[in-house]
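Q:
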Amino acid sequence: MRPVRGERPAGLPAPVLARLREAVDIDAGLVAEDLTDPRVKDALARAEILITGWGSPRLDAAALDAVPELRAVLHAAGSVKGVVTPELWCRGITVGSAAAANALPVAEYTLAMILLSGKDLFAVRDRLRAERDAFGGWGLLPGIGNLGRRVGVIGASRIGRRLIELLRPFDLVPALSDPYVDEETATALGVPLLPLDELLRTSDVVTVHAPATPETRHLIGARELALMPDGAVLINTARGSLLDHDALVAELRTGRLSAILDVTDPEPLPASSPLYDLPNAVLTPHRAGSQGNETARLGLVVAEEAARLAAGLPLAHAVDPAALEREA
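Here you go:
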């Protein structure tokens, strides 16, 4: 079984490459950024598996025509939404994804931001840098700390559920809002299920893990932000379009709330965006997902899926097209 990588040339980690070579015939040096490129035509004509990742070309009918023997697409990244098209399922091509593995570093990032913001760390860092002293000594600061801090999770996506798991060892109080989740599922997750407005009113931290759909565009706007209590923190690691950025900037300018944004709309932000200069906005450039050595985790998932295909077994992480729209 012969796979071709359809991603930007970044090199496969050695353990991933070794596992792939055990299972399939792979040319690790062959990267097809454009599936209609004549230079990769012969290899694509024989390929049975495409390994895709961030930056891969969209697999529409024209692209798939170049891979007539294709049996499966294995995505070594997060969401497959930017790569797959309905044409894949029309042709009976199986799609697998390492999105579940990518959920872990995003959840870890979110947990870190929750804990650090509870210590007011980002504001403390800025004040210490500006004033060069310990603000009058080491006295206790009222309103600081994570004991009993209420964390509202919007969206029981893979990442949302993984975050709920990571929150359990801490003295935090999580709650969930998701229109597709019932009380039984929420109970199994160990969290109360709340309407969105109630979650916003009763959370010290709100973290967004919902999918980007036409219905969720600007899910959090001026009305929703106004519901959040003074001093609350809004975290977004999902998609920038879920927040109305104009409304967010207006609310942040009052100093009432803080925001930690790993995703923005647009992305990247223009240099003129006021978010860069607001002291209560923390920006990171889409770093929550797998980075550096974490990408090996994604590659190993794909390598194991390739081995399952070669052995005639079903994928362990197959993508369900019916559920794809509701995935973050």
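1020 is the number that this note's numbering gives the last residue of the sequence shown; the numbers go up by one with no jumps. Even glycine gets a Cβ: it sits at the ideal position worked out from N, Cα and C. This structure is a prediction, so every number in the text was calculated from the model and none was measured.
Alpha carbon to alpha carbon, what distance is there between L881 and M819?
A: Here residue 819 refers to the residue found at position 127 when the sequence shown is read from its first residue. Here residue 881 refers to the residue found at position 189 when the sequence shown is read from its first residue. According to the sequence shown, residue 819 is Arg rather than Met. R819 and L881: Cα-Cα distance of roughly 39 Å.
Q: Please determine, among P903, P958, D954, the residue with the shortest C-alpha to C-alpha distance to P977.
A: Numbered from its first residue, the sequence shown carries residue 977 at position 285. Nearest of P903, P958, D954 to P977, Cα basis: D954.
Q: What is the DSSP secondary structure of V898, counted as helix, strand or coil?
A: By 1-based counting over the sequence shown, the position of residue 898 is 206. Note: V898 maps to strand in three-state DSSP.
Q: Which parts of the stretch 802–843 are runs of the alpha helix (DSSP H), unbroken and 4 residues or longer, counting only runs that do not cross its ends?
A: You should have 813–823.
Q: Does DSSP classify G932 as helix, strand or coil?
A: Position 240 of the sequence shown, counting from 1, holds the residue named residue 932. G932 falls in the helix class under three-state DSSP.
Q: L704 by DSSP, collapsed to three states: which one?
A: Taking the first residue of the sequence shown as 1, we reach residue 704 at position 12. Of the three classes helix, strand and coil, the one that applies to L704 here is coil, per DSSP.
Q: Pick out whichever of V716, M920, G913 has its Cα sitting closest to the Cα of R738.
A: In the sequence shown, the residue the question calls residue 738 occupies position 46. R738 has its Cα closest to that of V716, out of V716, M920, G913.
Q: Grab the span of the alpha helix (DSSP H) containing I991 for me, first residue to last.
A: Within the sequence shown, residue 991 is the residue found at index 299, counting from 1. This sequence places Gly at residue 991; Ile is not what is there. Per DSSP, G991 belongs to the alpha helix (DSSP H) from 987–1002.
Q: For A769, collect the residues of the same chain with a Cβ closer than 6 Å to its Cβ; drop the 5 residues on either side in sequence, then sort them by chain order.
A: Within the sequence shown, numbered from 1, the residue matching residue 769 stands at position 77. Cβ neighbours of A769 beyond the five flanking positions: G745, W746.
Q: Measuring CB to CB, does A939 end up less than 9 Å from I952?
A: In the sequence shown, the residue the question calls residue 939 occupies position 247. In the sequence shown, the residue the question calls residue 952 occupies position 260. No, they are not a contact pair.
Q: May I have the straight-line CA-CA distance separating G774 from I927, to the nearest angstrom?
A: What you label residue 774 is simply residue 82 of the sequence shown in a count that begins at 1. What you label residue 927 is simply residue 235 of the sequence shown in a count that begins at 1. Near 23 Å, if we compare the C-alpha coordinates of I927 and G774.
Q: Tell me the DSSP bridge mates of G788?
A: In the sequence shown, the residue the question calls residue 788 occupies position 96. Paired residue(s): L766, A1010.
Q: Rounded to whole angstroms, what is the Cα-Cα separation between H910 and P707?
A: Start at 1 with the first residue of the sequence shown, and residue 910 comes out as number 218. Start at 1 with the first residue of the sequence shown, and residue 707 comes out as number 15. Straight-line Cα distance between these residues: approximately 41 Å.
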